[in-house]
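Residue numbers (the working numbering): 959 to 1306.
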């Protein structure tokens, strides 16, 4: 059920069924007792039967918020309310971290398509995507999608940068508690990162360490988890990384997009990030196909009009120039993924 009107409609159907049952019982009773039909009580009972069904639906709508709170259960109706772009958290996010907001919207589109392809709860995945990065509102300028030229990480040690990036998970959980987000939605905040490596800063720390690389502990540059526990959060983890990576690609041809998507899904699989969320190999192939279809539509090539090409200035890609991608694409599975056979063979 995704609309309150659907509950009321079912109440009307229930009322009609009640009327038919009551009328049938009256007819059977009359025939078995060979007595005259008393019209008044029959009509009265049918009316009560009809409004009993309607009242049941109204009662369900009235007590459902209480039941959701008592049993910590999130209904589709509540998810639709959270998907409203006028929710206070989303309104605040578009002002404080507009880049993260737009990223979350596209992640939601990818997650919805990927989850629908495997028969999961696509609405839950979409809404979870909207809120998975709310913690970035605390320090928005430390994430590349919100930066306007200057990168504050340029003046920080890699270990400090990694701590700031990782902190958006803790900040997000605090905000979820403050705004009373359902547990099923709040779980997307830590699970979409799992125990991934904050790759750029880890490798930068190794480079800066020189001959003392053994003093750099990989655990200090990994998220604390947990890994995705549901198929929906597993899909959100994949779409989060893939959206960021594809957006930064200079060549967004369909074949390049598919290659990148397959590579990143394989890396997460090999790194064990998907071990606890029941995604099968067949699911992963379906997810890849769904992602590729959406991304090709988003980044399709356009005709360059002659008028627009005259005196066109050359523009540097600041996003590529300003690596690291201090967002979720920083969180890469370990490099061991490159040494293991991929899940996806190159299509020719």
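All C-beta atoms, glycine included, are put in the ideal place defined by N, C-alpha and C.
Computed from a prediction, not measured in an experiment: that's the story for all the values here.
- The beta-carbon separation of residue 1223 and residue 1246, rounded to 6 Å, stays under the 8 Å limit for a contact.
- With a threshold of 16 other beta carbon atoms within 10 Å, residue 1159 meets it and is buried.
- CA-to-CA, the gap between residue 1008 and residue 999 works out to about 14 Å.
- Contact annotation: residue 1089 and residue 1060 have beta-carbon atoms that are not nearer than 8 Å.
- With respect to residue 1103, residue 1066 sits apart: the two C-beta atoms are not nearer than 8 Å.
- Cβ-Cβ distances below 8 Å link residue 1095 to 1050, 1051, 1054, 1055, 1058, 1129 and 1133 in the same chain, with the five nearest sequence neighbours on each side left out; the list follows chain order.
- Between the region 1022-1032 and the region 974-988, the count of C-beta pairs closer than 8 Å stays below three; the two stretches do not touch.
- Residue 1116 places its beta carbon 8 Å or farther from that of residue 1171.
- Cβ contact annotation for residue 975 (same chain, cutoff 8 Å, sequence separation greater than five): 1011, in chain order.
- For residue 1074, the CB contacts under 7 Å within the same chain, skipping 5 residues up- and downstream, are 1080 in chain order.
- Cα atoms of residue 1038 and residue 1084: separation of roughly 10 Å, rounded to the nearest angstrom.
- For a cut-off of 8 Å, the C-beta gap from residue 968 to residue 1015 is around 6 Å, short enough to register as a contact.
- Of the candidates 1234, 1071, 1217 and 1124, 1071 places its Cα closest to the Cα of residue 1197.
- Residue 1186 sits close to residue 1149, with the two beta carbons spaced by under 8 Å.
- Of the other Cβ atoms in all chains shown, 16 or more fall within 10 Å of the Cβ of residue 1098; this residue is therefore buried.
- Within the DSSP secondary-structure output, residue 966 pairs in no beta bridge.
- The three-state secondary structure of residue 1121, taken from DSSP, is helix.
- Sequence-distant Cβ neighbours of residue 1180 in its own chain, meaning closer than 6 Å and more than five residues away, are 1153 and 1155.
- A direct Cα-to-Cα measurement between residue 1188 and residue 971 gives close to 35 Å.
- Between residue 1213 and residue 1204, the C-beta spacing is not below 8 Å.
- Assignment of residue 1084 by DSSP, reduced to helix, strand and coil, places it in the helix class.
- Considering only 1042, 997 and 1077, the residue with the shortest C-alpha distance to residue 1244 is 1077.
- The C-beta distance from residue 1107 to residue 1146 rounds to 31 Å, too long to meet the 8 Å contact threshold.
- Secondary structure at residue 1021: helix, using DSSP grouped into helix, strand and coil.
- For residue 1249, the enclosing alpha helix (DSSP H) covers residues 1239-1256.
- Residue 1064 sits close to residue 1201, with the two beta carbons spaced by under 8 Å.
- If you look at residue 1142, you'll find it in the alpha helix (DSSP H) that goes 1141-1144.
- Around the C-beta of residue 1258, fewer than 16 other C-beta atoms lie within 10 Å, and the residue is accordingly described as exposed.
- Out of 1034, 1215, 1177 and 1230, the CA that lies nearest to the CA of residue 1195 is found in 1230.
- Non-local C-beta neighbours of residue 1252 in its own chain, meaning closer than 8 Å and more than five positions away in sequence, comprise 1067, 1068 and 1071, ordered along the chain.
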